[in-house]
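A.B. asks: Here it is: the structure, laid out below.
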Amino acid sequence: MFGKIIGAVAGSKIAESTRGIGGPSGAILGWGAASLVRRLSIPAVLVLGAGGYLVKRHMDKKDADQTGTRTPPEVKPTAA
1 MFGKIIGAVA
11 GSKIAESTRG
21 IGGPSGAILG
31 WGAASLVRRL
41 SIPAVLVLGA
51 GGYLVKRHMD
61 KKDADQTGTR
71 TPPEVKPTAA
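Mapping to the UniProt record's numbering: the sequence shown position 17 is 17, numbers consecutive.
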């Protein structure tokens, strides 16, 4: 019970800094995450965490490509 409450509070706090997710929906996600972690094995939790990280990296890279904020490659002068 305490794990679900702590998960809901943590989810609510994380949702405040995440665009597209409000406080109540973050609390529900945190509550669900606490239940899910309890039922899954350690390797499954690690794979889910790594997958989430890779998806986030891909989405950040995609957003950077669309807005044009990606840094250009470094050009080294050639000896002429």
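Where a beta carbon is used, it is the ideal one built from N, C-alpha and C, also for glycine. All values reported here derive from a predicted model rather than from experimental measurement.
So what does DSSP say about T78, is it helix, strand or coil?
C.D. replies: Residue mapping note: residue 78 aligns to position 78 of the sequence shown, counting from 1. T78: coil per DSSP, three-state reduction.
A.B. asks: Is the distance from the Cβ of G26 to the Cβ of G7 below 8 Å?
C.D. replies: Counted from its first residue, the sequence shown places residue 26 at position 26. Counted from its first residue, the sequence shown places residue 7 at position 7. Not a contact, by the Cβ cut-off of 8 Å.
A.B. asks: Can you give me the start and stop residues for the alpha helix (DSSP H) that L48 sits inside?
C.D. replies: For the purposes of this step, residue 48 is taken as residue 48 along the sequence shown, with counting starting at 1. Residues I42 to T67.
A.B. asks: If the criterion is Cβ atoms closer than 8 Å, does the pair G52 and A33 meet it?
C.D. replies: One-based indexing of the sequence shown puts residue 52 at position 52. One-based indexing of the sequence shown puts residue 33 at position 33. No. Outside cutoff.
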